[in-house]
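Down below is the structure, laid out as structure tokens.
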Amino acid sequence: MSLDQPYPLLETEVKKLVDFLKSTSIDTQREATAQLRLLSKQNRDNRTKIASCGAISMLLDLLYSPDTRTQENAVTSLLNLSNIDNNKTAIINANAIDPLIHVLETGSPFAKENTAATLFSLSVNEDNRLRIGMSGAVGPLFDLLRKGTRRGKKDSVTALYNLSRYHENKARIVRAGAVRYVVDLMQPSSGMVDKAVFLLAKLATILEGRTAIGKEGGIVPLVEVVEFGSARGKENAAAALLLLCTYNNRYSSLVLEEGAVPPLLALSQSGTPRAKEKAMLLLVIHRNYRHGNAGRG
Numbered sequence: 002m003s004l005d006q007p008y009p010l011l012e013t014e015v016k017k018l019v020d021f022l023k024s025t026s027i028d029t030q031r032e033a034t035a036q037l038r039l040l041s042k043q044n045r046d047n048r049t050k051i052a053s054c055g056a057i058s059m060l061l062d063l064l065y066s067p068d069t070r071t072q073e074n075a076v077t078s079l080l081n082l083s084n085i086d087n088n089k090t091a092i093i094n095a096n097a098i099d100p101l102i103h104v105l106e107t108g109s110p111f112a113k114e115n116t117a118a119t120l121f122s123l124s125v126n127e128d129n130r131l132r133i134g135m136s137g138a139v140g141p142l143f144d145l146l147r148k149g150t151r152r153g154k155k156d157s158v159t160a161l162y163n164l165s166r167y168h169e170n171k172a173r174i175v176r177a178g179a180v181r182y183v184v185d186l187m188q189p190s191s192g193m194v195d196k197a198v199f200l201l202a203k204l205a206t207i208l209e210g211r212t213a214i215g216k217e218g219g220i221v222p223l224v225e226v227v228e229f230g231s232a233r234g235k236e237n238a239a240a241a242l243l244l245l246c247t248y249n250n251r252y253s254s255l256v257l258e259e260g261a262v263p264p265l266l267a268l269s270q271s272g273t274p275r276a277k278e279k280a281m282l283l284l285v286i287h288r289n290y291r292h293g294n295a296g297r298g
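Basically the working numbering = 1-based index in the sequence shown + 1.
Shown next as structure tokens:
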């Protein structure tokens with residue numbers, strides 16, 4: 002079969018490739034997964050046909066393949082297939098999480114990156130966030146955040162952000178020790194400031210998250226994002242700081258010491274509607290904090 006696919010992909014051709022996945026020959030499996038990887042990348046119709054022909058469960062089995070290329074092809078095919086909502090459900094229902102975690106723990110850097118991206122894609126579905134979090138994926142995603150490639154870190158923090166949208170996963174992420182490394186990603190050189198701030202804003206909604214952000218030195222970079230970040234970054238940094246300062250006066254003191262008032266004033270005038278609201282509330286908190294301290298003097 003030509004991988005250029007000058008004509009619509011036929012179901013019989015897909016079934017032939019799926020049958021090849023069952024082969025005991027590593028070479029045959031490698032070639033079949035390579036073709037499915039390319040075909041699943043091309044268009045939505047291909048992704049639908051590949052899934053309907055039973056490829057998902059076979060590709061999941063091959064995530065345990067000892068052959069690096071076969072494993073990489075299989076997980077990349079699953080990533081491509083997961084771009085369709087119905088396939089997201091089918092992949093999760095085929096018990097995908099354990100084999101995906103296996104790749105996160107043992108795969109090549111490329112396979113780990115695409116596994117994290119697959120988990121991100123699957124976690125777009127609200128019901129899947131709970132299942133992924135409960136299945137132990139947070140720990141391996143944190144390991145990728147801690148010591149993965151640049152792209153691996155990006156895919157990991159994006160997946161963790163999606164998982165953090167389910168409340169119970171927030172504590173799992175904090176307890177895994179992720180906050181320290183998310184704070185590190187707030188350096189402009191990382192190219193991931195917005196993603197890191199998104200995640201911290203979610204984690205700041207729980208006590209454990211706020212404590213970890215304060216302990217790991219997250220206040221200073223959050224103030225810097227309010228001053229120098231993108232519009233969305235400023236919005237989320239202000240949201241995180243508001244939560245921190247609302248629940249702990251010590252954080253209010255730190256924010257004031259970092260000179261946050263001028264950038265907050267600017268944000269209250271020129272930010273997004275949500276950013277303006279958060280900035281104005283922060284300014285009220287800081288004004289009350291200063292007046293309270295002055296009264297004690």
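Every residue, glycine too, gets a C-beta built ideally from N, C-alpha and C.
Since the structure is predicted, the reported quantities are computational estimates derived from the model, not experimental observations.
Legend entry - Under the three-state DSSP convention, the category Asn237 falls into: Against the sequence shown, residue 237 aligns to sequence position 236. Of the three classes helix, strand and coil, the one that applies to Asn237 here is helix, per DSSP.
Legend entry - Where Glu236 falls, given that 16 or more other Cβ within 10 Å makes a residue buried: What you label residue 236 is simply residue 235 of the sequence shown in a count that begins at 1. It is buried - the Cβ of Glu236 has at least 16 other Cβ atoms within 10 Å.
Inset, instruction - Below 8 angstroms on the Cβ atoms is my guess for Ala276 versus Leu268; work out the distance and round it to an integer in Å. - result: By 1-based counting over the sequence shown, the position of residue 276 is 275. By 1-based counting over the sequence shown, the position of residue 268 is 267. Indeed, because the Cβ distance is near 5 angstroms, the residues count as touching under 8 angstroms.
Legend entry - Distance, Pro274 Cα to Thr247 Cα: As a first step, residue 247 must be located in the sequence shown, where it is residue number 246. As a first step, residue 274 must be located in the sequence shown, where it is residue number 273. For Thr247 and Pro274, the gap between their C-alpha atoms comes out near 20 angstroms.
Inset, instruction - Going by CA-CA distance only, name the one from Gly218, Ala172, Lys171 and Tyr167 that's closest to Tyr182. - result: Residue mapping note: residue 182 aligns to position 181 of the sequence shown, counting from 1. Checked all of Gly218, Ala172, Lys171 and Tyr167; the closest Cα to Tyr182 is Gly218.
Legend entry - Three CB pairs or more closer than 8 angstroms across the stretch 139 to 152 and the stretch 82 to 100: Verdict: no, contact absent.
Inset, instruction - Determine whether the Cβ of Leu82 lies closer than 7 angstroms to any Cβ atom of chain C. - result: Any reference to chain C falls outside this structure, which holds one protein chain only.
Legend entry - C-alpha gap between Leu204 and Glu278, whole angstroms: Taking the sequence shown and counting its residues from 1, the one referred to as residue 204 is at position 203. Taking the sequence shown and counting its residues from 1, the one referred to as residue 278 is at position 277. C-alpha separation (whole angstroms): 20 angstroms.
Inset, instruction - Please report the residue range of the alpha helix (DSSP H) in which Ile214 lies. - result: As a working note, residue 214 is residue 213 in the sequence shown. Taken as a continuous stretch (DSSP letters only), the alpha helix (DSSP H) holding Ile214 covers Leu208 to Lys216.
Inset, instruction - For Val180, name the three-state secondary structure that DSSP assigns. - result: The sequence position of residue 180 within the sequence shown is 179, counting from 1. DSSP places Val180 within a helical segment (H, G or I) once states are collapsed to three.
Legend entry - Within 7 angstroms, strictly: CB atoms of Thr71 and Thr34: Translated into positions along the sequence shown, residue 71 becomes position 70. Translated into positions along the sequence shown, residue 34 becomes position 33. With contacts defined by Cβ atoms closer than 7 angstroms, Thr71 and Thr34 form a contacting pair.
Inset, instruction - Have a look at Leu208, Leu123, Ala75 and Thr25 and flag the residue whose alpha-carbon is nearest the alpha-carbon of Gln36. - result: Taking the sequence shown and counting its residues from 1, one reaches residue 36 at position 35. Nearest C-alpha to Gln36: Ala75.
Inset, instruction - Using beta-carbon positions only, say whether Val123 and Lys89 come within less than 7 angstroms of one another. - result: On the sequence shown, residue 123 is found 122 positions in, with the first residue counted as 1. On the sequence shown, residue 89 is found 88 positions in, with the first residue counted as 1. Per the sequence shown, residue 123 should be read as Leu rather than Val. Yes.
Inset, instruction - Mind reading off the beta-carbon distance from Thr77 to Arg48? Whole number of angstroms is fine, and I expect it under 8 angstroms. - result: By 1-based counting over the sequence shown, the position of residue 77 is 76. By 1-based counting over the sequence shown, the position of residue 48 is 47. In this structure, Thr77 and Arg48 do not form a Cβ contact; the two beta carbons are roughly 13 angstroms apart against a cut-off of 8 angstroms.
Inset, instruction - Going by CA-CA distance only, name the one from Leu60, Leu11, Thr13 and Asn44 that's closest to Lys23. - result: Residue numbering aside, residue 23 sits at position 22 when the sequence shown is read from its first letter. If we check each option's Cα against that of Lys23, Leu60 comes out closest.
Inset, instruction - May I ask which residues mark the beginning and end of the alpha helix (DSSP H) holding Asn94? - result: Locating residue 94 in the sequence shown gives position 93, where the first residue counts as 1. Element bounds for Asn94: Asp86 to Asn94.
Inset, instruction - With distances taken Cα to Cα, identify the nearest neighbour of Glu127 among Leu257, Gly149, Leu164 and His287. - result: Here residue 127 refers to the residue found at position 126 when the sequence shown is read from its first residue. Nearest option by C-alpha distance: Leu164.
Legend entry - Of the residues Gly153, Leu82, Ala179 and Ser109, the one placed nearest Gly192, counting alpha carbons only: Taking the sequence shown and counting its residues from 1, one reaches residue 192 at position 191. Per the Cα distances, Gly153.
Legend entry - Simplified DSSP assignment, three categories, for Arg147: Counted from its first residue, the sequence shown places residue 147 at position 146. Looking at Arg147 - three-state DSSP - the assignment turns out to be helix.
Legend entry - Boundaries (first-last residue) of the alpha helix (DSSP H) holding Val125: Start at 1 with the first residue of the sequence shown, and residue 125 comes out as number 124. Annotation: Val125 is outside any alpha helix (DSSP H) and is labelled neither H nor E by DSSP.
Inset, instruction - Given a cut-off of 7 angstroms, decide if Thr159 and Phe111 are closer than it, judged by their beta-carbon atoms. - result: Here residue 111 is taken as the residue at index 110 of the sequence shown, counted from 1. Here residue 159 is taken as the residue at index 158 of the sequence shown, counted from 1. With a cutoff of 7 angstroms on beta-carbon distance, Phe111 and Thr159 are scored as not near each other.
Legend entry - Close Cβ partners of Ser157 (< 8 angstroms) along its chain, the five nearest in sequence each way excluded: By one-based count along the sequence shown, residue 157 stands at place 156. Only Ala117, Leu142, Phe143, Leu145, Leu146 and Gly149 meet the Cβ criterion.
Legend entry - Classification of Ser26 by the beta-carbon crowding that lies within 10 angstroms, buried from 16 upward: Within the sequence shown, residue 26 is the residue found at index 25, counting from 1. Exposed, since its Cβ has fewer than 16 Cβ neighbours within 10 Å.
Inset, instruction - Can you grab the Cα-Cα spacing for the pair Ala91 / Ile57, in whole Å? - result: Mapped onto the sequence shown, residue 91 falls at position 90. Mapped onto the sequence shown, residue 57 falls at position 56. Whole-angstrom Cα-Cα distance: 8 angstroms.
Inset, instruction - Determine, using beta carbons only, whether Ala172 and Glu225 come nearer to each other than 7 angstroms. - result: Numbered from its first residue, the sequence shown carries residue 172 at position 171. Numbered from its first residue, the sequence shown carries residue 225 at position 224. No, the pair does not count as a contact, with Cβ atoms beyond the cut-off.
Legend entry - Per-residue DSSP class, three states only, for Gly55: Working through the sequence shown from its first residue, we reach residue 55 at position 54. For Gly55, the secondary structure class from DSSP, reduced to helix, strand or coil, is coil.
Legend entry - Candidates Asp62, Val180 and Pro263, of which the one nearest Leu200 by Cα: Position 199 of the sequence shown, counting from 1, holds the residue named residue 200. For Leu200, the closest alpha carbon among the candidates Asp62, Val180 and Pro263 is that of Val180.
Legend entry - Residue environment, Asn129, which counts as buried when at least 16 other CB atoms sit within 10 Å: Start at 1 with the first residue of the sequence shown, and residue 129 comes out as number 128. Residue environment for Asn129: buried (at least 16 other C-beta atoms within 10 angstroms of its C-beta).
Inset, instruction - Could you name the residues of the same chain whose beta carbon sits closer than 8 angstroms to that of Ile286, not counting the 5 residues immediately before and after it, in chain order? - result: Locating residue 286 in the sequence shown gives position 285, counting from the first residue. Answer for Ile286: Leu243, Cys246, Thr247 and Ser253, listed in chain order.
Legend entry - Contact under 7 angstroms by Cβ, Val104 with Leu161: Start at 1 with the first residue of the sequence shown, and residue 104 comes out as number 103. Start at 1 with the first residue of the sequence shown, and residue 161 comes out as number 160. Here Val104 is not near Leu161, since their CB atoms are 7 angstroms or more apart.
Inset, instruction - Take Lys16 and list the residues in its own chain whose beta-carbon comes closer than 6 angstroms to its own, dropping the five residues that flank it on each side. - result: The sequence position of residue 16 within the sequence shown is 15, counting from 1. Cys54.
Inset, instruction - Would you kindly check if the distance between the Cβ of Leu223 and the Cβ of Ala238 is under 7 angstroms? - result: Reading the sequence shown from its first residue, position 237 is the one you call residue 238. Reading the sequence shown from its first residue, position 222 is the one you call residue 223. In this structure, the beta-carbon distance from Ala238 to Leu223 falls below 7 angstroms.
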